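Numbers given in my numbering equal positions in the sequence shown, counted from 1, plus 470. Glycine residues also receive a C-beta, built at the ideal position from the N, C-alpha and C atoms. Since the structure is predicted, the reported quantities are computational estimates derived from the model, not experimental observations.
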Amino acid sequence: MARYKKLISYLFIISVSLVLFSACSTTVTVSYLQPAKYDITQYKNLALASMEVDDIPPYANSLITVEYDDFEEQVFSGYNRRIAYNVADTFTEELYDDLYKSSYFNIIKPSITDGYLSGLKYGVNSLNKLRDLGADAILVSQIDSIDYNEYTIIGDYKVIRNPDYYSDPTQDEYIEDDEREVTIVQQATIEFSYKIVDIDTGEIIASDSFKKTLTHDIDYNEDIVTLPSMEPIFEKAILYGESQIIEDLAPQYISTTITLKKNKSGNPYFDAGMDATKNGSLRVAYDSFDTAWTNSKLYEAGYNSALVLEALGERDLAIDRMNEVYNYFSDIDSYEQLSRMEQYKYNTNVAKDQITN
Numbered sequence: 471m472a473r474y475k476k477l478i479s480y481l482f483i484i485s486v487s488l489v490l491f492s493a494c495s496t497t498v499t500v501s502y503l504q505p506a507k508y509d510i511t512q513y514k515n516l517a518l519a520s521m522e523v524d525d526i527p528p529y530a531n532s533l534i535t536v537e538y539d540d541f542e543e544q545v546f547s548g549y550n551r552r553i554a555y556n557v558a559d560t561f562t563e564e565l566y567d568d569l570y571k572s573s574y575f576n577i578i579k580p581s582i583t584d585g586y587l588s589g590l591k592y593g594v595n596s597l598n599k600l601r602d603l604g605a606d607a608i609l610v611s612q613i614d615s616i617d618y619n620e621y622t623i624i625g626d627y628k629v630i631r632n633p634d635y636y637s638d639p640t641q642d643e644y645i646e647d648d649e650r651e652v653t654i655v656q657q658a659t660i661e662f663s664y665k666i667v668d669i670d671t672g673e674i675i676a677s678d679s680f681k682k683t684l685t686h687d688i689d690y691n692e693d694i695v696t697l698p699s700m701e702p703i704f705e706k707a708i709l710y711g712e713s714q715i716i717e718d719l720a721p722q723y724i725s726t727t728i729t730l731k732k733n734k735s736g737n738p739y740f741d742a743g744m745d746a747t748k749n750g751s752l753r754v755a756y757d758s759f760d761t762a763w764t765n766s767k768l769y770e771a772g773y774n775s776a777l778v779l780e781a782l783g784e785r786d787l788a789i790d791r792m793n794e795v796y797n798y799f800s801d802i803d804s805y806e807q808l809s810r811m812e813q814y815k816y817n818t819n820v821a822k823d824q825i826t827n
């Protein structure tokens, strides 16, 4: 118990130190455009089909047995076959909303696309109807497989406070109960894929597949009759992939936080720059750092002035300043920031081309 208390105290000191360190840091936020993984600038008019479901397991384990020592009980599974269809519907809704909100695509709703695609089964050339609506390509997706497992983990006996301890402090304050700690683990695995198909040629323009496994732990008690539905677990798993699809297909604004450098020389312009940054007055901060750099070539002032310029959206000037700092000091930090800035500039230019073309 003494070792446990000592460990808790040690972890508390570390956590407080980290909070204080974060609180004492002065940061700026810089943004850039991340280009889409696939350049589909010629296919921005998309007909989105609803996600289909392929392989669904049956009710393999409709009853889960919880068994340990002399105890045995059964609970109903949290899985049912309808989950796959519900998750597919959620995926379709989220994908439509996110593609629409990206303002990068003109999207034909799944309900309209599905109606025309179903006509193909009956020999109706309904693709012409989608073309008339302006569609350049069709985005189709499907759940390729879905699997689940629910199992128990039997732990140690529970530790409870000894009811006799207060009347007799010589006894142990904590004792083992006659019940064990029992955890039921729900494990969900889902595989799905998507592709974008040229509506005229049938060529696959973009495609990818995803597999995700997530688990959820349940503290078992004898009042549980039916386990919680596994639908939220599968839904969370598939939406990991849905967000990746958006990154694959549409440019994204990315923001990152960068820490400014400190200097204890007492330079009044540098100190004013740090204070202005903390107050959110970035233009004032830049002017102060710039003065400290111009007058005394204070390394931290030059470095910080470049980052503040970037935070103000003036990346070209920021690159010029960071390049000036690197040429003067030849240090690794300014070199790394310079390389990052140039990469962000390149990414932004590529993304802008994707948006405007």
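Judging by CA-CA distance, which residue of the options is the nearest neighbour of residue i?
| i | options | result |
| --- | --- | --- |
| Met521 | Ser573, Val536, Ala506, Thr583 | Thr583 |
| Gly548 | Glu651, Ser573, Leu697 | Leu697 |
| Met811 | Ser679, Val500, Ser495 | Val500 |
| Asp539 | Tyr502, Ala506, Gly625 | Gly625 |
| Leu603 | Ile669, Leu808, Lys665, Asn793 | Ile669 |
| Ile608 | Ala676, Asp718, Asp823 | Ala676 |
| Asn550 | Asn619, Glu564, Lys599, Glu563 | Asn619 |
| Asp803 | Ile728, Gly783, Ala506 | Ile728 |
| Val557 | Ile674, Val523, Leu597 | Val523 |
| Tyr850 | Arg601, Ile510, Asn819 | The question about residue 850 has no answer, for the chain in this structure spans 471 to 827. |
Any idea if residue i is buried or exposed, counting beta-carbon neighbours within 10 angstroms, 16 or more meaning buried?
| i | result |
| --- | --- |
| Val655 | exposed |
| Leu590 | exposed |
| Ser492 | Its pLDDT being 43, under 50, Ser492 is placed unreliably in this model, and the value from its coordinates should be taken loosely. Flag for Ser492 reads exposed. |
| Pro639 | exposed |
| Glu780 | buried |
| Leu760 | Correcting the residue type first, residue 760 is Asp in the shown sequence and not Leu. Classification for Asp760: buried. |
| Tyr586 | buried |
| Val629 | exposed |
| Thr826 | exposed |
| Ser809 | exposed |
Which partner residues of residue i appear in the DSSP bridge assignment?
| i | result |
| --- | --- |
| Ile669 | BP columns for Ile669 are empty, so no partner. |
| Glu705 | Looking at the DSSP assignment, Glu705 forms no beta bridge with any residue, so it has no partner. |
| Gln656 | Glu620, His686 |
| Ile577 | Leu516 |
| Ser663 | Gln612, Ser679 |
| Gln504 | Gln722 |
| Tyr644 | Arg631 |
| Leu730 | In DSSP, Leu730 forms no bridge with anything. |
| Leu533 | Phe546 |
| Ala607 | Leu516, Asp668 |
| Glu522 | Gln612 |
Please find out if some non-hydrogen atom of the ligand SAH comes closer than 7 Å to the beta-carbon of residue i.
| i | result |
| --- | --- |
| Ser735 | Summarising the ligand content, the structure contains no ligands, and the ligand SAH is consequently not present. |
Measure the CB-CB distance between residue i and residue j and report whether it falls below 8 Å.
| i | j | result |
| --- | --- | --- |
| Gln544 | Ala821 | no |
| Ile553 | Met792 | no |
| Gly772 | Val754 | no |
| Tyr508 | Leu719 | yes |
| Thr622 | Val652 | yes |
| Phe561 | Ile708 | yes |
| Arg785 | Tyr814 | yes |
| Gln807 | Ala506 | no |
| Leu730 | Val498 | yes |
| Tyr664 | Val610 | yes |
| Thr496 | Thr747 | yes |
| Leu533 | Phe541 | no |
Would you call the segment 608 to 615 in contact with the segment 655 to 664, where contact means no fewer than 3 C-beta pairs closer than 8 Å? With contact defined as three or more Cβ pairs closer than 8 Å, the segment 608 to 615 and the segment 655 to 664 are in contact.
Counting beta carbon pairs with one atom in the segment 767 to 783 and one in the segment 682 to 693, are three or more of them shorter than 8 Å? Taking 8 Å as the limit for Cβ pairs, the verdict is that the segment 767 to 783 does not touch the segment 682 to 693.
So, does the segment 701 to 720 touch the segment 734 to 750, judging by three or more C-beta pairs under 8 Å? Judged by Cβ distances under 8 Å, the segment 701 to 720 makes no contact with the segment 734 to 750, as fewer than three pairs qualify.
Is the segment 573 to 580 touching the segment 500 to 520 in the sense that three or more CB pairs, one from each, lie closer than 8 Å? Contact holds: three or more Cβ-Cβ distances are below 8 Å.
Pairs of beta-carbons, one from the segment 729 to 740 and one from the segment 757 to 775, closer than 8 Å: are there three or more? Between the segment 729 to 740 and the segment 757 to 775, the count of Cβ pairs shorter than 8 Å is three or higher; the stretches touch.
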